[in-house]
């Protein structure tokens with residue numbers, strides 16, 4: 059069984075640019091959630107996707123957007139990058155109507 | 005407003021000792037409480053979880069104690085080993101809500117000295 063995978067591992071962008079992060083969910087999992095983890099902090103919920111639709115959103119501005127594809131993989135897009143967007147971005151997948159969430163290794167985004 | 009408060013921020017334990025990390029929550033709608041273990045440069049790994057209908061759950065050296073009336077829960081690591089050195093996060097979910105959003109504590113950096 060393949061776990062949650064994310065790409066790329068690391069990314070360096072300049073303020074004002076746009077970035078796309080990718081996530082493949084664990085086999086049998088159709089729900090994907092994205093979290094932002096700043097250095098030394100706990101992960102913060104960005105949004106969740108289920109059946110290719112956004113199913114809940116945390117306190118993040120609209121320049122954070124996402125997609126889920128028919129194979130349950132997902133993308134996180136961030137426009138107009140700001141220095142404070144520098145963080146580890148985590149993707150977690152789960153089975154339908156199950157609370158257990160399993161995380162990928164994350165993408166480390168640095169905005170300069 | 006921090007809905008899940010975790011303490012201590014850091015903890016140093018000798019090999020073979022007991023590590024105890026505490027969390028308190030405010031939202032009484034929370035009904036699923038997982039603990040995650042995170043090593044540097046890695047994503048959080050689900051360690052153990054509990055629901056409020058039981059007061060204790062044990063898996064190997066890891067035990068969760070849950071006090072519903074006090075809205076508190078804790079992780080106990082028995083016979084702590086240097087390999088347990090990591091950051092531990094408590095979290096909570098309201099599974100009756102519209103989505104399964106994890107609300108995390110700020111984390112505890114555990115160091116187990118050999």
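Protein chains in written order, with our numbering: chain A, 59 to 170; chain B, 5 to 118. Glycine included, C-beta positions come from ideal geometry on N, C-alpha and C.
| said: Tell me which residues of the segment 158-170 of chain A have at least one Cβ-Cβ distance to chain B shorter than 7 Å, keeping chain order. | reply: Cβ proximity to chain B below 7 Å picks out 158, 159, 160, 161, 162, 163 and 164 from the segment 158-170 of chain A.
| task | Answer yes or no: does any C-beta atom of chain A fall closer than 8 Å to that of residue 114 of chain B? | result | False, the Cβ-Cβ gap to chain A never drops below 8 Å.
| Neighbour list for residue 108 of chain B in chain A, Cβ cutoff strictly below 9 Å | Taking a Cβ-Cβ threshold of 9 Å, the residues of chain A close to residue 108 of chain B are 93, 95, 99, 100, 101, 102 and 103, in chain order.
| Nearest neighbour of residue 14 of chain B, chosen from B:47, B:93 and B:29 [CA to CA] | Closest by alpha carbon: B:93.
| said: Restricting to Cα atoms, I'd like to know which of B:87, B:32 and B:76 is closest to residue 18 of chain B. | reply: A check of alpha carbon separations from residue 18 of chain B across B:87, B:32 and B:76 identifies B:87 as the nearest.
| task | Assign residue 145 of chain A to buried or exposed, taking buried as 16 or more other Cβ atoms, counted over all protein chains shown, within 10 Å of its Cβ. | result | So residue 145 of chain A ends up on the buried side.
| field | Min CB distance residue 86 of chain A to chain B below 8 Å | value | Against chain B, the CB of residue 86 of chain A has no partner CB under 8 Å away; the residue lies outside that interface.
| task | Answer with buried or exposed for residue 137 of chain A, where buried requires no fewer than 16 other C-beta atoms within 10 angstroms of its C-beta. | result | With fewer than 16 Cβ atoms within 10 Å of its Cβ, residue 137 of chain A is classed as exposed.
| task | Grab the span of the beta strand (DSSP E) containing residue 90 of chain B for me, first residue to last. | result | Secondary structure note for residue 90 of chain B: its beta strand (DSSP E) is the uninterrupted segment 90-96.
| Name the DSSP beta bridge partners of residue 29 of chain B, please? | According to DSSP, which records beta bridges pairwise, residue 29 of chain B is partnered with B:8.
| query | What does DSSP give as the partner residues of residue 53 of chain B in its beta bridges? | reply | Answer is B:38, bridged to residue 53 of chain B.
| So is residue 48 of chain B in contact with chain A if we call contact Cβ pairs under 8 Å? | Cβ-Cβ to chain A under 8 Å: yes for residue 48 of chain B.
| request: Measure the C-alpha to C-alpha separation of residue 32 of chain B and residue 75 of chain B and round it to an integer number of angstroms. | output: Roughly 8 Å between the two C-alpha positions.
| Under the rule that 16 or more other beta-carbon atoms within 10 Å means buried, what is residue 105 of chain B, buried or exposed? | By the 16-neighbour rule on beta-carbons within 10 angstroms, residue 105 of chain B is buried.
| Based on the DSSP secondary-structure assignment, which residues constitute the bridge partners of residue 60 of chain B? | BP columns for residue 60 of chain B point to B:69.
| N- and C-terminal bounds of the beta strand (DSSP E) containing residue 23 of chain A | Only positions 59 to 170 of chain A appear in this structure, which leaves residue 23 of chain A out of reach.
| query | Just reading off the beta strand (DSSP E) that residue 133 of chain A is part of, what are its end residues? | reply | Where residue 133 of chain A is concerned, the enclosing beta strand (DSSP E) stretches over 132-136.
| field | Nonlocal neighbours in the same chain, by C-beta distance under 7 Å from residue 34 of chain B, ignoring five residues either side | value | Excluding the 5 residues flanking it on each side, residue 34 of chain B has same chain C-beta neighbours closer than 7 Å at 96, 97 and 98, in chain order.
| query | Taking contact to mean at least 3 C-beta pairs separated by less than 8 Å, is the segment 76-90 of chain A in contact with the segment 146-159 of chain A? | reply | Result yes; three or more Cβ-Cβ pairs closer than 8 Å.
| said: Can you tell me where the beta strand (DSSP E) holding residue 16 of chain B begins and where it ends? | reply: Segment 14-18, the beta strand (DSSP E) holding residue 16 of chain B.
| request: Let me know if residue 97 of chain A comes out buried or exposed under the rule of 16 or more other beta-carbons within 10 Å of its beta-carbon. | output: Counting C-beta atoms within 10 angstroms of its own C-beta, residue 97 of chain A has fewer than 16 neighbours from the protein chains shown and is therefore classed as exposed.
| request: Indicate the three-state DSSP secondary structure (helix, strand or coil) for residue 148 of chain A in the structure shown. | output: The answer is strand: DSSP assigns residue 148 of chain A an E or B state.
| said: Nearest by alpha-carbon distance to residue 90 of chain B: which of B:63, B:67 and B:111 is it? | reply: Out of B:63, B:67 and B:111, B:111 has the C-alpha closest to the C-alpha of residue 90 of chain B.
| What's the call for residue 91 of chain A, buried or exposed, on a 16-neighbour Cβ count within 10 Å? | It is buried - the Cβ of residue 91 of chain A has at least 16 other Cβ atoms within 10 Å.
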